[in-house]
Structure formats: C-alpha cells, structure tokens
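Position 2 of the sequence shown, counted from 1, bears residue number -14 in the numbering used here, the numbering being contiguous throughout.
For each residue, glycine too, the CB sits at the ideal point set by N, CA and C.
Have a look at the structure below, then the notes.
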Amino acid sequence: MELLTNLAHAFQEVGEKVQSSLVVVQGHRHGAGAGMIWRKDGMILTNAHVVNHRSPLVYLSDGRKYTARVLAHEPEIDMALLKIEADDLPAMSCAKKGSVKVGQFVFAVGHPWGQKGYITKGIVSALTSTQTRNSDRQLPIIRTDAALAPGNSGGPLVNAAGEAIGINTMIVGGDQGVAISVEVADEFVRRALEKAGVSEKTV
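Structure (structure tokens):
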C-alpha cells in the first residue's frame, strides 16, 4: 500500500512539474505531437518527424498559440529545434549526465490520441545505441516499457524528479518505447544554435 501511495504521489509531482514545460506541436495538417520548452527564450525541442513544414504551430500549456520558426531539422537523429517569439518560459529541467540507470522508474509525457499532458509510467529497460539512417554513427537511446502512442513523439521521458532524461521518438517491438538520450539533444541544440549564430547563455 505504501508503495502505491508513493507511486501516486510521484505521478502527481511529475505532472505538476512537467506540464508547464510541455507543448503541443502541430507540424502536420492532420495530427500533432509533443515538444518541450528547452530554453526560457522560446527554444522548443521536438522530433523531426513531427515537423514537416517551415511554420509549425506551437501551443503552450496556458493556451497561448505561436507560429514557430524551424532553426534546425535533422531527420537522421529525429530531432528538430523550433523558435517562438516568447520570453520567460518555464524551461524543462534535465537530469545530470550519466545519472540514468537501468531499472529506474520513468514517466513518458505527451499528447496521445489528443489527450493533453497524458502521463504513463515504466522503467528504463536498457541503455543502448542504434545506428543512424545514413551513417555509421551510433545514437545513444533509452528503451522503456512506459506506454507510448502517436502523440507522445517529441515529448519528454522524465525521471521521478521530473527531470528530462530523453525525448520520446518511436515505438518498437509492440511494447518497447525508445527515447533519444538528453545528452544527444543537448549536443544537437548546441550545434544548431552555433550554426544559427544564437547565444547559448540563455537557459
């Protein structure tokens, strides 16, 4: 009973901490995915496959709507960086590098079936890597049994403290979800901002 109570509290705390940093990204004419506020100055991180045109719409948790610019789009690692004209946004907290362990509880957050801010629980099943589509590069990924569905793409996989450890990207093998490591996301954003000539100081 105590374990169930603690788990229920964890769900509630994660939901409260993460929801304000979660966004809806409408990058297709039909359907939408998720994304997270990466920096308080309007940088939004999502999956590349969620964004298929240059002016996706971004909806914040408070209902505000923005037309975003695509700063970077890299299908090879399924990541996209968007920019909206907004300031002082609640950026997602990220876990420390190397802190993710197999077996730890995790929560996947997104908008499956149009249900905003939907949370599912699971564990880290494996820390592994996969070869990218057009090169021999190995991409660090997190496998989880947390239930994922269309609409989870681009949303965060978070630990029990509500810190992002990965970005949900696909469903494989029926019951195994895959998230791109947050370290990969951080490097992707760094490269994108450097190429765009944007300062990295704002967090």
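Assign residue i to buried or exposed, taking buried as 16 or more other Cβ atoms, counted over all protein chains shown, within 10 Å of its Cβ.
| i | result |
| --- | --- |
| His95 | buried |
| Asp71 | exposed |
| Val187 | In this prediction, Val187 scores a pLDDT of 49, lower than 50, which makes its location untrustworthy; no coordinate-derived value is stated. |
| Thr104 | buried |
| Gly139 | buried |
| Ala130 | buried |
| Lys67 | buried |
| Val166 | buried |
| Arg117 | exposed |
| Thr112 | exposed |
| Gly161 | buried |
| Gly17 | buried |
| Gly19 | buried |
Residue i by DSSP, collapsed to three states: which one?
| i | result |
| --- | --- |
| Arg127 | strand |
| Ser83 | coil |
| His95 | coil |
| Gly11 | coil |
| Val34 | helix |
| Glu58 | strand |
| Lys1 | helix |
| Gln115 | strand |
| Gln(-4) | helix |
Is it the case that the Cβ atoms of residue i and residue j are separated by a distance below 9 Å?
| i | j | result |
| --- | --- | --- |
| Ala64 | Glu58 | yes |
| Gly15 | Gly135 | yes |
| Ala92 | Lys24 | no |
| Glu42 | Val8 | Before going further, note that residue 42 is Val rather than Glu in the sequence given. Against a cut-off of 9 Å, the Cβ pair of Val8 and Val42 comes out as a contact. |
| Leu73 | Ser5 | yes |
| Asp62 | Thr128 | no |
Run the proximity test for residue i: is its beta-carbon closer than 8 Å to any non-hydrogen atom belonging to the ligand GTP?
| i | result |
| --- | --- |
| Val35 | Absence of the ligand GTP is noted for the structure shown, with no ligands found whatsoever. |
Skipping 5 residues on each side, what residues in its chain have a beta carbon closer than 6 Å to that of residue i?
| i | result |
| --- | --- |
| Ile149 | Ala79, Val84, Leu141, Asn143, Val166 |
| Thr114 | Leu123, Ile125 |
| Gly11 | Val34, Val35, Asn36, Pro40 |
| Lys1 | Gly146 |
Within a Cβ cutoff of 7 Å, which residues of the same chain sit near residue i, ignoring the five residues on either side of it in sequence?
| i | result |
| --- | --- |
| Trp22 | Ile28, Leu29, Ala75, Met76, Val173 |
| Glu69 | Gly26, Tyr50 |
For residue i, which residues from the same chain have a beta carbon less than 8 Å from its beta carbon, with the 5 sequence-adjacent residues on both sides left out?
| i | result |
| --- | --- |
| Lys81 | Glu167 |
Taking only runs of the alpha helix (DSSP H) that begin and end inside the stretch 140 to 184, which ones reach a length of at least 4 residues, in chain order? Whole alpha helix (DSSP H) segments, 4+ residues: 166 to 180.
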